[in-house]
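From first to last, the protein sequence lines are chains P and E.
Quick note: the first sequence uses my numbering, first residue 1, plus one each step.
Quick note: the second sequence uses my numbering, first residue 327, plus one each step.
Protein chains: 2
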Amino acid sequence: MKTLLQSLTLFLVFFFPLFAFAISPLPSWNDGTSKQDIINFVTAVTSKSSSDYVDPRERIAVFDNDGTLWSEQPAYFQLFFAMDRVKNMAAAHPEWKTTQPFQAVLEGDLKAVAASGEKGILELVMTTHAGMTTDEFVDITKEWFKTARHPTLNKPYTKLVFKPMLELLDYLRANDFKIFIVSGGGVEFMRPWVEEVYGVLPEQVVGSSIVTAFEMRDGTPVLIRKPKLDFIDDKAGKPVGINQHIGRRPIFAFGNSDGDLQMLQWTTLGGGGKRFAGIVHHTDREREFAYDKDSHMGRLDKALVEAGKNGWTVVDMKKEWKVIYP
Amino acid sequence: MKTLLQSLTLFLVFFFPLFAFAISPLPSWNDGTSKQDIINFVTAVTSKSSSDYVDPRERIAVFDNDGTLWSEQPAYFQLFFAMDRVKNMAAAHPEWKTTQPFQAVLEGDLKAVAASGEKGILELVMTTHAGMTTDEFVDITKEWFKTARHPTLNKPYTKLVFKPMLELLDYLRANDFKIFIVSGGGVEFMRPWVEEVYGVLPEQVVGSSIVTAFEMRDGTPVLIRKPKLDFIDDKAGKPVGINQHIGRRPIFAFGNSDGDLQMLQWTTLGGGGKRFAGIVHHTDREREFAYDKDSHMGRLDKALVEAGKNGWTVVDMKKEWKVIYP
């Protein structure tokens, strides 16, 4: 017959490790400033006794995608999709051989493509994304994600998401946060796979878009994707997109570049109450990529200065993340 | 000692009425075609054994607002808000005395306002809705809803919602539908009160919008509402707005006018699987208003013809609703 003490000891020996594992969030994050900042914030806004308590309906968290939830080097993944589409469509467009940025794509000159700037890239992307119905575009996107591989890491793009960030999404959801992706990328490029990869519903994705037009074709309604920009969800466009789509101010935001600066400002400054802003700083040349203020893609310069001024959390990937990819 | 039969009888006598009440949906709807159509559809898509079963994540329902969830006569309620704003702002705009549709507003000539057409009305609305921050506009809206009364029914506007439709929203939610409002009205005009009145979250409202612009004002981020149309969520704009905002095709849609025709087509035709489209037909001159193809506001003409062709459910308010308002 066991004594009470023996029973308790047995219980602790066998079950405590399991219990500890179950309650320890963010296992791929090293114990450090960023992990502690996140946990402190979530604890403060979810403890009913806290003066910083926030009603679950107001727990809106927004995440940039490129460079924040997955990699964005040597170029935005959507750009590789667009470049593959350009190659497929080139036979019908002989003029592309001498027109930038198409020429650069056909010559495989990624540097020249990047040099066309964010607007040039978006133009390239939008042009190759139009001329079909929305349903057809979903099929094209899904097919590409099934077969395409990253040019240097040689993996499917949806495997190049950051494991520590997936854990952060889970941790926030477990604490009744509603998560939105707010990306400069095309909203219809992301929606077909975000649910499977991030657990984020299609209706919780805000992104850039091209104009679509409703038509009845032989009695069947379709939406035609037009080669015309509708909205660029980047920089000052991000708070606009957040307000237009969500209609509430987030209390938690994560980005990685100057394109996210206004979103981080909108989330943290002047809204009242406790707020969190985080920046993923790409410092890991060995395991991922190292870049900030001199990068064409995901330039991080002003936002890093503002982070220092405003007490935002800056994640040093190399020091703070145990692993990068799942 | 009671027999089993006695126990069962007692149980039925005391608990059956309660039980029956709990499982009978749509109590304000008379038993009839529309109620049966709705229940049949919901039963079909939620029964796991049904060949029409739909995964809860795909149970997207969209509702028009004006004339579908609340009244819209003698004019859209947002128009009364705009007219009150015009009167407040008129001192600073002497030119309005001789400019339509402002002149008509200042002269209280609702007919002339209506005659300026949907586009004229939207212009009027948008003009009076700009020139402040989004936060300031929320305050203005909330204040107006607190004090304003309908000109003929003399009730707060948020009390002029249709009780049978509130029950329908509850019934769908109880069956794991996610409900979106898809309205020609301004998205920021609706968001401050839809949660309290309809139980619909602000992020589940799609509507017309004006341009907003991000600015830092003395270190505080603001969104300024500009006097420029951004998007009209009406007619062919409704499927565009649904696709842009939700990114999935609804399986259930309810409207009341030709402005909803394309939304009903987009929901029901060519998407595959079982779909539902409903139209509220305003037939009750005594308890609400009676109008269809000859009305300036909420004209119902083509959509009624299409309803007949496509087997959509047309609700005869007078015959099918026991009560109109809560």
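Even glycine gets a Cβ: it sits at the ideal position worked out from N, Cα and C.
These numbers come from a predicted model, not from an experiment.
So, does the stretch 139-151 of chain P touch the stretch 185-201 of chain P, judging by three or more C-beta pairs under 8 angstroms?
They touch, by the three-pair rule.
Count the other C-beta atoms from every protein chain shown that fall within 10 angstroms of the C-beta of F21 of chain P, then say buried if there are 16 or more, exposed otherwise.
Low local confidence applies: a pLDDT of 45 at F21 of chain P is under 50, so the model's placement there is unreliable, and no value is given.
Output yes or no for whether 8 angstroms exceeds the beta carbon distance between L300 of chain P and K309 of chain P.
No, these two residues do not count as a Cβ contact at 8 angstroms.
Listing by chain order, which chain E residues have their CB less than 8 angstroms from the CB of T134 of chain P?
Those within 8 angstroms of T134 of chain P in chain E are N569.
Given a cut-off of 8 angstroms, decide if Y524 of chain E and L432 of chain E are closer than it, judged by their beta-carbon atoms.
Not a contact, by the Cβ cut-off of 8 angstroms.
Taking buried to mean at least 16 other C-beta atoms within 10 Å of its own C-beta, is D135 of chain P buried or exposed?
With fewer than 16 other Cβ atoms within 10 Å, it is exposed.
List, in order along the chain, the chain E residues whose C-beta lies closer than 7 angstroms to that of G270 of chain P?
Chain E residues near G270 of chain P: T546 and P547.
Per DSSP, what are the beta-bridge partners of H607 of chain E in this structure?
In DSSP, H607 of chain E forms a bridge with E:D642.
Kindly list, in the order they appear in chain P, the residues whose Cβ is closer than 9 angstroms to that of T467 of chain E.
Residues of chain P passing the Cβ test: none, with the nearest at roughly 12 angstroms.
Please list the partners that G573 of chain E has in chain P, where partner means a Cβ-to-Cβ separation under 8 angstroms.
Neighbours of G573 of chain E on chain P, chain order: V187, E188, R191, P202, E203 and V205.
Measure from the C-beta of P576 of chain E to each C-beta in chain P and report whether the shortest distance is under 8 angstroms.
For P576 of chain E, the answer is no, since every Cβ of chain P falls outside 8 angstroms of its Cβ.
Going by DSSP, name the residue or residues bridged to W396 of chain E.
W396 of chain E pairs with E:D392 and E:V487.
Which residues mark the beginning and the end of the alpha helix (DSSP H) in which P477 of chain E is found?
Neither: P477 of chain E is in no alpha helix (DSSP H) and is coded neither H nor E.
What does the Cβ neighbour count give for A417 of chain E, buried or exposed, with the cut at 16 atoms within 10 Å?
Exposed, by the Cβ-count rule.
Checking contacts by CB at 8 angstroms: is P239 of chain P closer than that to chain E?
With 8 angstroms as the cut-off, P239 of chain P counts as an interface residue toward chain E.
Please name the residue in P:I242, P:N154, P:G255 and P:F231 whose C-alpha comes closest to that of L304 of chain P.
Comparing Cα positions, the closest option is P:G255.
Note down, in chain order, every chain E residue with its Cβ under 8 angstroms from the Cβ of M216 of chain P.
Within 8 angstroms Cβ-Cβ: Q591.
For S183 of chain P, would you say it is in contact with chain E, using Cβ-to-Cβ distances shorter than 8 angstroms as the test?
Cβ-Cβ to chain E under 8 angstroms: no for S183 of chain P.
Determine the direct distance from the alpha carbon of R249 of chain P to that of S376 of chain E, and round the result to whole angstroms.
Each residue's alpha carbon lies about 41 angstroms from the other.
Cβ of Q244 of chain P within 8 angstroms of Cβ of F540 of chain E?
No; because the gap between Cβ atoms is not below 8 angstroms, this pair is not in contact.
Verify whether the separation of the beta carbon atoms of D260 of chain P and D64 of chain P is less than 8 angstroms.
Closer than 8 angstroms, so yes.
Ends of the beta strand (DSSP E) at G185 of chain P?
Unbroken beta strand (DSSP E) run through G185 of chain P: K178 to G186.
Output yes if chain P places a C-beta closer than 8 angstroms to the C-beta of A456 of chain E; else output no.
No - not a single Cβ of chain P is within 8 angstroms of the one on A456 of chain E.
How long is the line joining the alpha carbons of S28 of chain P and A253 of chain P, rounded to whole angstroms?
Roughly 20 angstroms between the two C-alpha positions.
Leaving aside the five residues before and after A82 of chain P along the sequence, list all residues of the same chain whose C-beta is less than 6 angstroms from its C-beta, in chain order.
So the qualifying residues of the chain are L124, V125 and T128.
Got a sec? Which residues, its chain only, sit under 8 angstroms from G637 of chain E by beta carbon, not counting five neighbours each side?
So no residue of the chain qualifies.
Would you identify the three-state DSSP class for V649 of chain E, choosing helix, strand or coil?
Coil at V649 of chain E, not helix or strand.
Q588 of chain E CB to nearest chain P CB: under 8 angstroms?
So, interface residue.
So within the stretch 501-588 of chain E, which uninterrupted alpha helix (DSSP H) runs reach at least 4 residues, ignoring any that extend past its ends?
Counting only runs of 4 or more, we get 513-524 and 563-571.
Pick helix, strand or coil for A418 of chain E, following the three-state DSSP scheme.
Three-state result, A418 of chain E: helix.
Assuming F162 of chain P contacts V62 of chain P under a Cβ cut-off of 8 angstroms, what Cβ separation, rounded to an integer in Å, is found between them?
That belief does not hold up - the Cβ atoms of F162 of chain P and V62 of chain P are roughly 16 angstroms apart, past 8 angstroms.
Would A75 of chain P pass as an interface residue toward chain E - the criterion being a Cβ-Cβ separation below 8 angstroms?
No, its Cβ sits nowhere closer than 8 angstroms to a Cβ of chain E.
Just to confirm my understanding: we take L405 of chain E, look at its own chain, exclude 5 residues before and 5 after, and list those with CB closer than 8 angstroms. What are they?
Excluding positions up to five away in sequence, the list reads V439, I447, L450 and V451.
Please name the residues in the stretch 363-389 of chain E whose beta-carbon is closer than 9 angstroms to at least one beta-carbon of chain P, in chain order.
Hits within the stretch, in order: R383 and I386.
Please report whether the beta-carbon of L498 of chain E lies at a distance below 8 angstroms from any beta-carbon of chain P.
Chain P contact via Cβ: absent.
Shorter than 8 angstroms from the beta carbon of T212 of chain P to some beta carbon of chain E?
Cβ-Cβ to chain E under 8 angstroms: yes for T212 of chain P.
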